[in-house]
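The next block holds one structure in the form of structure tokens; read it before the comments.
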Amino acid sequence: MSSMKSSGFQSGRFIGQSIKWIFLIAVAFFTIFPIIMAMLGSVKTNAELTTGATILPTVWQFANYATAWEKANFSQFTWNSLFISLVVTVGTLLVATMSAYAVDRTKFPGKQVYVALQASTMFISIGAVVLMPQFNLMVKLGLNKSLWGVIIILISSHAVIYFMLIGFFKAIPKDLDEAAYIDGCNFFTVYWRIILPLLRPALGVTALFTFRGAWNEYILPLVFTMTNPKLQTLTVGLANLRYGIGAAAEAHLMMAGACLSFLPILVVYVLANKSFIQVTAGSVKG
Amino acid sequence: MRRRSSLFNSYLFIFPSLFLTLALGIYPLIWAFRYMFYDYQGYGKERFIGIDNFTRLLRDTEYWHSVYNTLIYASGKLIIVLPLSLILAVILNRGIRGKVFLRAVYFMPTIISTSVMAIVFFTIFNSYNGLLNQFLLKYGITSKAIDWLGPDYAMLTVIIMAVWGAIGNYMLLFIAGLQGIPDDLYESASIDGANVVQKFWYITIPLLGPVLQMIVMLAIINALKGYESIMVMTEGGPFGKTDVMYLYVYKLFFPVSAASPTVQQIGYGSAAGFVTALIVGAITILYFAMSKRLNQD
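This is the structure in structure tokens:
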């Protein structure tokens with residue numbers, strides 16, 4: 001530790017500290033400003049939102065939410081989003097834990113090929129092109145008339161979750177499996193009764209991640225609901241408000257809808273902030 | 001005895017994963033690979049035309065303009081977001097007051113769907129009655145409304161939004177990397193009289209090397225691939241000024257909105273998607289080779 005403290009050093013330090021805090025606050029302002037504006041805008045009247053130049057609403061019009069919920073059909077959108085996100089989360093975790101269990105605990109011919117295949121699906125991207133064959137496949141199976149087409153496709157892209165889980169699997173000692181086998185467990189019961197309960201913290205974190213991904217997905221539900229508006233999710237229904245009749249006349253509904261779509265996930269984030277941050281830092285997803 | 005059944009069990013357990021990956025990950029790639037050589041509009045007859053789609057793409061100035069736009073967009077985003085998030089990470093990695101709170105605030109945008117935030121940004125930057133212009137006019141900062149989504153500023157606006165959405169993510173990845181650097185190195189440097197900037201250049205940057213290389217590579221790939229927010233906010237307009245590669249490819253397959261119908265060009269779109277993937281791959285490899293050489297020097 002340096003013990004030299006001249007007054008010049010002190011004032012230099014003060015300026016340095018000030019610059020640092022101005023920088024931190026400026027960036028914080030930049031990141032939080034659009035979110036605050038959306039929240040405040042969601043309770044303004046449309047006239048005030050589009051011409052008012054006010055920060056706080058002069059009239060707090062909470063009825064915007066009721067209007068968005070009923071007239072702009074956000075209740076239907078929310079249900080669709082929730083259904084997709086929940087099923088995708090459960091499905092992804094099941095598929096990914098099963099394969100991670102087999103890969104981490106057993107040897108079988110073709111294991112390397114399987115792992116390489118999973119890795120490659122994360123890096124090769126030809127963009128929207130793959131949507132076409134995926135969509136055609138779902139039409140053939142008759143799954144484009146429900147949300148199941150979207151759900152199955154989202155579950156199929158579980159590679160990131162698989163690789164995250166493999167890390168957690170390695171932390172569970174294999175002696176535990178052996179002991180369970182001696183006690184009469186088999187391959188399935190070890191997975192279901194030993195591994196999954198021990199994996200609970202990891203499952204919680206990856207579930208959060210999967211849920212957020214499915215909830216925020218836009219392109220896939222957009223493509224699947226082009227001819228069937230009843231199946232639209234929050235992200236799609238909201239974006240469509242922009243192109244609706246008199247889009248400019250409904251800015252306040254757009255903001256209320258935006259808040260309806262991000263406030264639940266923001267609340268979860270605030271409650272589980274630590275897990276969110278851990279899993280993002282631990283994964284290779286940018 | 002267990003061993004005998006274990007092979008069957010292993011395959012049984014990877015089956016759902018393998019099946020889904022093959023059916024919805026690999027099959028679409030093969031499908032696209034075939035259609036690259038066909039003339040197909042999505043209905044009616046498909047016709048084998050060899051490499052005509054590729055020669056057409058070579059002459060397609062709109063496509064190459066979108067490639068150019070992608071490079072502007074990606075470099076604009078990265079030049080701002082990488083230094084910004086690295087500096088934030090360095091500051092927040094040390095024990096300063098409000099560390100946890102600030103991290104949470106910076107990370108918040110990454111929680112929200114890019115399509116939803118594009119809607120919010122649209123109402124802020126909207127040229128006619130956007131919030132930003134309302135304020136600029138009210139407080140006399142500008143005398144005339146700035147056309148934020150017009151030809152001159154649309155790219156800048158789109159980049160600002162991209163930066164907003166990405167800061168938190170890269171800050172976090174940098175913090176994870178910084179935690180691998182031992183504290184005593186900084187302490188001994190302080191005893192030797194090194195200042196903040198010196199410590200940053202001579203300790204943080206070199207020791208962060210490999211992690212930095214990976215994060216930058218991820219950032220490049222992501223910036224080249226991103227098109228969702230642009231699609232919602234500008235649809236690639238005005239006059240194709242914000243059209244990026246993957247958005248251009250998307251438009252060959254699907255309409256962006258009910259207001260803008262699309263003539264499906266499946267064969268041509270497949271070829272464009274393939275070439276775009278090659279461009280992204282080439283840039284990634286080029287970066288990797290260059291950054292490796294820098295590391296060795």
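Going down the list, the protein sequences come from chains A and B.
Using full-length UniProt numbering, read the first sequence as starting at 1 and increasing by one per residue.
Using full-length UniProt numbering, read the second sequence as starting at 1 and increasing by one per residue.
Don't be surprised by glycine CBs; every beta carbon is placed ideally from N, CA and C.
| query | result |
| --- | --- |
| Could you give the distance in angstroms between the alpha-carbon of Ile181 (chain B) and the alpha-carbon of Asp192 (chain B)? | 18 Å |
| Taking 7 Å as the limit between beta carbons, can you name the residues of its chain near Ile175 (chain B), skipping five residues before and five after? | Ala89, Leu92, Asn93 |
| The alpha helix (DSSP H) with residue 343 (chain A) in it runs from where to where? | In this structure chain A extends from 1 to 286, so residue 343 (chain A) is not present and cannot be described. |
| Beta-carbon separation of Met255 (chain A) and Gly41 (chain A) under 8 Å? | yes |
| Could you tell me if Val270 (chain A) is buried or exposed, where buried requires 16 or more neighbouring beta carbons within 10 angstroms of its beta carbon? | exposed |
| Drop a sphere of 10 angstroms on the beta-carbon of Met4 (chain A), count the other beta-carbons inside from all chains shown, and report buried for 16 or more, exposed for fewer. | Low confidence applies to Met4 (chain A): its pLDDT is 48, below 50, so where it sits in the model is not reliable, and the reading given next is rough at best. Answer is exposed; the Cβ neighbour count stays below 16. |
| Give, in chain order, every unbroken run of the alpha helix (DSSP H) that is at least 4 residues long and sits entirely within the region 108 to 184 of chain B. | 114 to 125, 131 to 138, 154 to 178 |
| Can you tell me whether Ile36 (chain A) is buried or exposed, with buried defined as 16 or more other CB within 10 angstroms of its CB? | exposed |
| Could you tell me whether the Cβ of Pro133 (chain A) comes closer than 8 Å to any Cβ of chain B? | yes |
| Helix, strand or coil: which one does DSSP assign to Tyr38 (chain B)? | strand |
| So, Leu253 (chain A) versus Leu241 (chain A), is the Cβ gap smaller than 8 Å? | yes |
| Between Thr78 (chain A) and Ser143 (chain B), what straight-line distance do the alpha-carbon atoms span, to the nearest angstrom? | 42 Å |
| Do three or more CB pairs link the region 118 to 132 of chain B to the region 227 to 247 of chain B at distances below 8 Å? | yes |
| With a cut-off of 8 Å, do at least 3 Cβ pairs link the region 273 to 281 of chain B to the region 31 to 43 of chain B? | yes |
| Rank A:Pro264, A:Phe23, A:Leu260, A:Ser275 by C-alpha distance to the C-alpha of Asn73 (chain A) and give the top, closest one. | A:Leu260 |
| Against chain B, with Cβ distances strictly below 8 Å, would Thr210 (chain A) count as a contact? | no |
| The alpha helix (DSSP H) spanning Ala179 (chain A) covers which residue range? | 174 to 182 |
| Compare the Cα-Cα distances from Leu82 (chain A) to each of A:Lys274, A:Leu94, A:Asn216, A:Thr225 and report the closest residue. | A:Asn216 |
| Do Leu84 (chain B) and Ile167 (chain B) have their C-beta atoms closer together than 8 Å? | yes |
| Could you tell me how far apart the beta carbons of Ile84 (chain A) and Ile151 (chain A) are, in whole angstroms, since I believe they sit closer than 8 Å? | 6 Å |
| Mind listing the chain A neighbours of Lys225 (chain B)? Cutoff is C-beta to C-beta under 9 Å, in chain order. | Ser125, Gly127 |
| Any C-beta of chain A sitting closer than 8 Å to the C-beta of Phe13 (chain B)? | yes |
| Assuming Leu154 (chain A) and Val205 (chain A) are in contact, meaning their beta carbons sit under 8 Å apart, how far apart are those beta carbons, in whole angstroms? | Between Val205 (chain A) and Leu154 (chain A) the Cβ distance is about 18 Å, and since that is not below 8 Å, they are no contact. |
| Is Arg94 (chain B) helix, strand or coil by DSSP? | coil |
| From the DSSP output, in three-state form, read off Phe13 (chain B) for me. | helix |
| Could you tell me which whole alpha helix (DSSP H) segments of length 4 or greater appear in the region 189 to 255 of chain B? | 196 to 199, 205 to 225, 228 to 233, 245 to 251 |
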